[in-house]
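Chains A, B, C and D, in that order, give the protein sequences.
Under the working numbering, the first residue of the first sequence is numbered 5, with each subsequent residue one higher.
Under the working numbering, the first residue of the second sequence is numbered 5, with each subsequent residue one higher.
Under the working numbering, the first residue of the third sequence is numbered 5, with each subsequent residue one higher.
Under the working numbering, the first residue of the fourth sequence is numbered 5, with each subsequent residue one higher.
Just so you know, even glycine gets a beta-carbon here, dropped at the ideal spot from N, CA and C.
Protein chains: 4
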Amino acid sequence: MKKVGIIGGTGYTGSELSRLLCVHPDIELAAMTSRQNAGRKVSDASPFLKGYLDISFTEKISDAEGLDLVFVATPHGVAMKEVPALRDAGIKVVDLSGDYRLRDPKQYEKWYGHEHADLDNLSKSVYGLPELFRSKLKGAVVVANPGCYATSAILAVSPLMKSGLVDAHVIVDGKSGTSGAGMAPSQRLHHPVCGESVIPYSVGSHRHTPEIEMAVDMFAGSSSEVVFVPQLVPIVRGILSSCYMRLNKDASSEDVSAIYEKQYGAERFVHYVKEPSIRAVVGSNHAHVGSETVGGTVVAFGVLDNLVKGASGQAVQCMNLMLGLEEAAGLDAPGLGV
Amino acid sequence: MKKVGIIGGTGYTGSELSRLLCVHPDIELAAMTSRQNAGRKVSDASPFLKGYLDISFTEKISDAEGLDLVFVATPHGVAMKEVPALRDAGIKVVDLSGDYRLRDPKQYEKWYGHEHADLDNLSKSVYGLPELFRSKLKGAVVVANPGCYATSAILAVSPLMKSGLVDAHVIVDGKSGTSGAGMAPSQRLHHPVCGESVIPYSVGSHRHTPEIEMAVDMFAGSSSEVVFVPQLVPIVRGILSSCYMRLNKDASSEDVSAIYEKQYGAERFVHYVKEPSIRAVVGSNHAHVGSETVGGTVVAFGVLDNLVKGASGQAVQCMNLMLGLEEAAGLDAPGLGV
Amino acid sequence: MKKVGIIGGTGYTGSELSRLLCVHPDIELAAMTSRQNAGRKVSDASPFLKGYLDISFTEKISDAEGLDLVFVATPHGVAMKEVPALRDAGIKVVDLSGDYRLRDPKQYEKWYGHEHADLDNLSKSVYGLPELFRSKLKGAVVVANPGCYATSAILAVSPLMKSGLVDAHVIVDGKSGTSGAGMAPSQRLHHPVCGESVIPYSVGSHRHTPEIEMAVDMFAGSSSEVVFVPQLVPIVRGILSSCYMRLNKDASSEDVSAIYEKQYGAERFVHYVKEPSIRAVVGSNHAHVGSETVGGTVVAFGVLDNLVKGASGQAVQCMNLMLGLEEAAGLDAPGLGV
Amino acid sequence: MKKVGIIGGTGYTGSELSRLLCVHPDIELAAMTSRQNAGRKVSDASPFLKGYLDISFTEKISDAEGLDLVFVATPHGVAMKEVPALRDAGIKVVDLSGDYRLRDPKQYEKWYGHEHADLDNLSKSVYGLPELFRSKLKGAVVVANPGCYATSAILAVSPLMKSGLVDAHVIVDGKSGTSGAGMAPSQRLHHPVCGESVIPYSVGSHRHTPEIEMAVDMFAGSSSEVVFVPQLVPIVRGILSSCYMRLNKDASSEDVSAIYEKQYGAERFVHYVKEPSIRAVVGSNHAHVGSETVGGTVVAFGVLDNLVKGASGQAVQCMNLMLGLEEAAGLDAPGLGV
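Written out as structure tokens, the structure is:
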């Protein structure tokens, strides 16, 4: 039994982590912090956890608790102030914010608007996409859990980039459910505004852009350009990213499929399917990838539940690898289907 | 051509008023106030009005504008401070807040939590439900525009109350779209919270309760009890209120239908139909009423678009009567249907 | 390890059963029938099961398979033709249709429009609501799994009926997600029709009415009247039933709460809470009950996921009791929360 | 007063036509056909029209009615059999199906799967997008009303194509509300399937592809390639198409904006705006176009109500031009806004 904690337990990703960890067979969720809820029982703030989690929020994680790993589920900029002390105490870290995702501190500064405060751990961090970086994750001590959109796009795009069949230029047209935007009410997330609409936002300026670019660079072996257009759709959970790439060689639809099948055929959570479906994966850590070839263009779809494979489920998958547990432990169930 | 103004033009009911008035054949919408948007063009704040309304928000309505009537679309408690000056200037008023709805100032104090500040105009105000109080509205100078839930319930309930066939005890199970709650973001209206749920709120304490009670008393001729349970459903526009009453005499389903048909058969905007439908009325000033008799209980449905017949459309209908215009002017179009 | 099968595996309740059973620790799902899909792999028809279920649909359940229990997830009228042979082979049965729910064959004929064809097993059948009939279910061989609306209403209503505090007259205003209507496309379930609407249907004639009545009779100890008005709301999963009862004795809100707390305080899956929430239970076998007292009326809310606690999850819970397994086995996880 | 008729009056576009025409100041809607509803009052089949339309469906349009124009709102393949007789009778035609959209009969055969049966009228037909082909429409006798997706894409794409600033290669990522798929229930439109999902379909094979291609060819002056990926989103009305084009010259974001402003600055129904919004245009004949430049890529958004500017509203706009009425007659109202 390993002991873990969560810093920032009241947001949607923190709450989803506790949902998954409270029934994980090898994990004791021993501590959760929350500034505004310190002292309060977790299951009072999140009644759906009643009967599953009998701890209270604390102000801080204490050294004395003997934690093996801590999830940091705070806003960007906060995590990098928390991680050094955790590492000094020998605790492994999975950070769900953007703080450790971009390897280049200048990129971080450009996209997040402030300097990075923990270059040391940044240089050691591993990007937490198990299907692509599994071996590195097994030895990692700081893992940067990928963004939800980024996961959907990178899973869809990287196999073709690796193959050399396509140019290193990708258009990612992302459609996300509203839970991806977090629990703070705002005009854009107000039901009368978004409940019967599709709303583009942060066009060309969304922070998942450099994450996708970093992955494309790596797999394409050259400098890439990613045009990322996120759009809010009126569903609670789920992302479908439609990724457009141009073939630079003659390749049939079957050639393209073969590449994906080879990449994901043996994976537990990522599946190359004919009809990628949000309903098939929602509530689970599964992701669907699909593709169609139209003339010289491939459109590849990446589909997942933004709170599970797009956030907390993937974080648990990373944790399993880091702690030497079975990779699928606590996550091995099908999506809702309907 | 009559000139009108709106105090509080940025909220959903103010914005909906301007949508209806900007194409009204007999009305010039000459002034709109907004504290936070004073000086800004209305069509910049509400881009869907571009080409239809070429005025800017002002801080206050000025006497000099020669307005015939002003709509007050402010929060409860504000209207009763604005109305006396308008009346002193000889301007007629339709108040869309709750300030002039309850005839008894003690009831007002009980439900709104503060004393009423304008007893004079309160005593002169007319409850703005044209299908039930048409003749009074023609001579009215201050009209209290009914609440959205209240309109749906009173239309469904009052014919049977008048008939004496049912007890003066009503259960109103209301289901409302989210635009009824206004434009301010909140947890309950946050899409991830309400987008795939049905949420009861203010059970037994919603301020439309005494409005419905007042109407039931009037038509039943005795003191009534109304149990009102409002529930949020994930649609943007629309209310369906299911109203349960007990028959106190033997009456067939046809007897009940005959009462409704007699009441609404000649109405332009209220229709007694077999299958009341939100989609049939949405976007329009039409309302549907339906009924079914189950044993000794009648369930009567009241259906409308909460922003039109439940708020701004009804306010325009009242205005038409007050200004001697045709009652349906500017409102006479069918609902969206789909 | 017990072996079970499903007759009628392609509908929503059959598919949901396989979702739950494929990860049940004590169960092998060994057989599923489907007339139109016989011979096809289950995970081809329901791709979300890929990796979890490696069987194919068959035309019929064969005796040779040594099944301990079979779920019948066929339309009403079919089940009663399948059950006798299963019982003859010594196989226990959980029927998810309405065929074994009404103890009185005359009631069955009245509400379902044809005679009952299996009076023998009907007389032995137990109504599968574990929180109310647990001890009987442990020895049952034929279980009638309750309807989704009925479960939500009976959980909310029965404690008060037992207490004698309320009259045996209940109004049940039910709001259901669309998956409750099954997988066959129809006008009412067509997204443009129901996607932005609330639609009453089968008012006073829905077949869950006599189920609720039967339970109320049993707990009230007298003949009851249930007025049941089902309404479709645009969510995929979830039911909220608002149940109205009249107090016949002086009782405070606290008195009422105490009754519910006593009834459900020790239950694993049914919780009496202040704010019943569809999102808290969706995807899980949990149900919420809440209540508010308004004057002399109690409104009690019953909330659940119609496909889990309202259908397949409850069926698995019954199976666990019938086979001597732990009651919560395979079901013990929190709802999605968000 | 002009007299018009509708062939195929029961589908969504036929019903929407009647909604618009029944309050059109210069039009008498004198005839509507429907095979399955012949003899029935239109307002019985479409109750939202009660009080607005007092005619009954007929089997056929009769010559004797003296119609000036007929809308054909039948499935593809039917229209081309109806049009010749109408033209022989001297009646002008707006066809809402795809039969007269593709100028090249070989293209028609390729995409629709059968030969074109009315080459004569095909050669005379005008593509009914008033903002781009206004002068031709004034003299037209047969108008091919554009597809909903096609309208949204062509409005967004054509100004840049004309400018020569971009390559004649476009990716159109379309998101459509469900009413675009028509009134026939199907698995994909079944609420439990699509109500909480985003569903790609007909990728690369949707029949609006050659329509968009035809327009791009025309404005680019060269042979184009259009990759069109339609996706269903869970809203009833509304389309947002995100169109990706590559700049082939140095051009700033302002240069791009200037092109759109010049194209649409004087238009009544098409507006170039900073934040294109489905809610702003829904229920109206207005469309929004927006654009953002990301590196060397322009993403242009086309937004409209698929049943109004994407179908029946645009058809009425064409009719106005064909009959010498004011172009905006009967259509000149703002969208719902909320």
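Asked	Found
Residue span of the alpha helix (DSSP H) that contains M291 of chain A, given as start and end	Rather than Met, the amino acid found at residue 291 of chain A in this sequence is Ala. Element bounds for A291 of chain A: not the alpha helix (DSSP H) but the beta strand (DSSP E), 291-298.
S183 of chain C: contacting residues in chain D (beta-carbon distance under 7 Å)	P196
E63 of chain B - containing alpha helix (DSSP H), residue span	First-last for E63 of chain B: undefined, no H or E at that position.
Within chain C, partners of E177 of chain B - CB distance below 7 Å	According to the sequence as given, residue 177 of chain B is Asp; it is not Glu. The contacting residues are D177, S246.
Run of the beta strand (DSSP E) containing L126 of chain C, from where it starts to where it stops	No beta strand (DSSP E) holds L126 of chain C; the alpha helix (DSSP H) holding it covers 123-128.
Residue from D:A172, D:E200, D:A270, D:E279 whose Cα sits closest to the Cα of V240 of chain D	D:E200
Neighbour flag for S257 of chain D against chain C, beta carbons, 8 Å	no
Selected residue, minimal CA-CA separation from L73 of chain B, among B:D177, B:L236, B:A93, B:A224	B:A93
Which listed residue (C:G184, C:K54, C:A157) has its alpha carbon closest to that of V342 of chain A	C:G184
Residues of the segment 52-72 of chain C whose Cβ lies closer than 9 Å to any Cβ of chain D, in chain order	none
Segments of 4+ residues assigned as alpha helix (DSSP H) that fall wholly inside the segment 126-162 of chain A	134-142
Boundaries (first-last residue) of the alpha helix (DSSP H) holding H212 of chain B	212-224
Opening and closing residue of the beta strand (DSSP E) in which M323 of chain D lies	No beta strand (DSSP E) contains M323 of chain D, which is instead part of the alpha helix (DSSP H) from 317-326.
DSSP-derived helix/strand/coil call for E229 of chain C	strand
For Y4 of chain B, three-class secondary structure by DSSP	Because chain B here runs from 5 to 342, residue 4 of chain B falls outside it and cannot be looked at.
Spatial distance of A160 of chain D from Y264 of chain C (CA atoms)	59 Å
Within chain F, the residues that S19 of chain B reaches when beta carbons sit closer than 8 Å	Of the protein chains in the structure, A, B, C and D, none is chain F.
Inter-residue spacing [alpha-carbon to alpha-carbon] between T155 of chain B and P338 of chain B	19 Å
Best match in D:S139, D:V130, D:E86 for proximity to A121 of chain D [C-alpha to C-alpha]	D:E86
Residue-chain proximity (R283 of chain A, chain D), Cβ-Cβ < 8 Å	yes
DSSP-derived helix/strand/coil call for I95 of chain B	coil
Straight-line Cα distance separating Q111 of chain D from M222 of chain D	15 Å
E135 of chain B versus L106 of chain D - alpha carbon distance	52 Å
Beta-carbon proximity of C198 of chain D to H195 of chain C, cut-off 8 Å	yes
Chain D contacts from the segment 120-145 of chain C (Cβ-Cβ distance under 7 Å)	none
E331 of chain B in three-state terms, based on DSSP	coil
Cross-strand partners of V174 of chain D (DSSP beta bridge)	D:V230
Any 3 or more C-beta pairs closer than 8 Å across the segment 207-216 of chain B and the segment 254-271 of chain B	no
Euclidean distance between Cα positions of L100 of chain A and H118 of chain D	55 Å
Straight-line Cα distance separating A148 of chain D from S129 of chain D	6 Å
As assigned by DSSP and simplified to three states, the class of K253 of chain B	coil
Contacting positions in the segment 145-173 of chain B - beta carbon closer than 9 Å to chain A	none
Backbone secondary structure at P204 of chain C - three-state DSSP	strand
As assigned by DSSP and simplified to three states, the class of T301 of chain A	strand
DSSP three-state assignment for I239 of chain A, whether helix, strand or coil	coil
Cβ of L325 of chain A within 8 Å of any chain B Cβ	no
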